[in-house]
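Reading the sequence shown from the start, the letters are residues 6 to 92 in the working numbering.
Please read the structure below before turning to the comments.
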Amino acid sequence: MGMFDKLKDLKRLKDLDGALGKERMESEINGVKVTVNGKAEVISITLNDTLSKEDQEKAVKDCVNDACGKAKMIMAKKAAEISGLNF
C-alpha cells in the first residue's frame with residue numbers, strides 16, 4: 006500500500022467521522038429523552054421531573070444504552086459503505 010492509498014484511507018476516515026458527527030439518534034422512555042450522535046456522544050438529555058429520582062435514573066440509563074446501540078448500527082453501516090462492503 007502506497008502513501009497515496011494511506012492518504013485516501015485517512016480522508017475516508019475523516020469523512021466518516023464528520024458524517025457520524027452529524028447523525029442523530031434518539032431514545033425516549035416515560036418522557037425522558039436522550040439524543041446521541043453517530044459517534045455515540047451524548048448531545049442532549051431531557052428529564053421528566055414528574056418521575057421519581059430512581060425512575061429517572063433508570064430511564065436515562067436505558068435511553069443512553071438504546072440510543073448508543075442505534076449509533077453503533079449507524080457506525081457499522083457507514084464504515085461498511087466507505088470500505089466497499091455492503092450488508
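Glycine is no exception: its CB is placed at the ideal position from the N, C-alpha and C atoms.
Looking from the CA of Q61, the closest CA among A45, K83, I34, N42 belongs to I34. For S49, no alpha helix (DSSP H) encloses it; the enclosing beta strand (DSSP E) starts and ends at 47–51. Contact holds between the region 17–26 and the region 73–91, because three or more Cβ pairs, one in each stretch, are under 8 Å apart.
Where K38 is concerned, the enclosing beta strand (DSSP E) starts and stops at 37–42. Membership of S88 in the alpha helix (DSSP H) is indicated by the continuous run 58–88. Checking the DSSP bridge columns, you'll see E33 partnered with K38. Under the Cβ criterion (8 Å, minimum of three pairs), the region 37–51 counts as touching the region 59–73.
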